[in-house]
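Novice: The structure is given below, and queries will be raised subsequently.
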Amino acid sequence: MSTEKKEIFDRVEEMLHTQGFNIAAKDDTRPWGGFFVIDETQAQDFANQYFDGIDVENLRIGGKLSPKILIVAPEARLSWQYHHRRAEIWQVVEGTVGIKRSMTDEEGEVGEYKPQDQVKLQKGERHRLIGLADWGVVAEIWQHTDASNPSDEDDIVRVQDDFGR
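Numbering of the sequence shown is given in UniProt numbering, commencing with residue 1 and proceeding in unit increments.
Here it is as structure tokens:
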């Protein structure tokens, strides 16, 4: 792992601990960066910190909200993807990131988003998080759309992926 990547992961981990969050999982091995998953029982605290106190019970409808902090490397990008059973809300925490969005498989234009910018992705909306000139840090929380079949980590349809997943 590069020194730069280690430094940002260490810094974000310290920030999360300082904010009182318990990290349920950490993955710093992704070629595009990685993520921290926050303890599910802290979903409301996470929403209070990063999403203006949105009521997580309105998002949950019976499933996990998988509160995460995504870290995307400069000039890297996550897969062009969508979900059948969830919408997502993203909040830029640090850096400037690019986000492509479209309701079809055709990739939309890259929009630039800065700290405090919030993006609400609809169920079925194709999306891709992109690192621009610097490291980007983005908070993510799920909004379930099917109470009888809540979303999970397998609810990802990759239309295109730079890493062959």
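By construction, the Cβ of each residue, glycine as well, lies at the ideal position given by its N, Cα and C atoms.
Three or more beta-carbon pairs under 8 Å between the stretch 100-113 and the stretch 49-63, yes or no?
Specialist: Touching, no, given that fewer than three Cβ pairs across the two stretches are closer than 8 Å.
Novice: I'd like to know if the stretch 25-39 and the stretch 89-104 are in contact, where contact means that at least 3 CB-CB pairs between them fall below 8 Å.
Specialist: No: fewer than three Cβ pairs fall under 8 Å.
Novice: With a cut-off of 8 Å on the beta carbons, I'd call residue 166 and R77 a contact; round off their distance for me.
Specialist: Shown here, the chain extends from 1 to 165; a query on residue 166 therefore has no answer.
Novice: Output needed for G136: all residues of its chain with C-beta closer than 6 Å, excluding positions within five of it in sequence on either side, in chain order.
Specialist: Counting only Cβ-Cβ distances below 6 Å, and skipping sequence neighbours, we find V72, G95, V97.
Novice: By how many angstroms is the C-alpha of K123 removed from the C-alpha of R11?
Specialist: C-alpha separation (whole angstroms): 32 Å.
Novice: For the alpha helix (DSSP H) that I38 lies in, which residues bound it at each end?
Specialist: First-last for I38: 33-38, but that is the beta strand (DSSP E), not the alpha helix (DSSP H).
Novice: Does DSSP classify I8 as helix, strand or coil?
Specialist: Helix at I8.
Novice: Residues in the same chain with beta-carbon distance under 6 Å from D134, minus the five sequence neighbours each way, listed in chain order, please.
Specialist: So the list reads P74, G95, once near-sequence residues are dropped.
Novice: Using three-state DSSP, classify D45 as helix, strand or coil.
Specialist: D45 falls in the helix class under three-state DSSP.
Novice: Figure out for me which residue from A87, P150, P67 has the closest Cα to the Cα of I23.
Specialist: When each option's Cα is compared against that of I23, the closest is P67.
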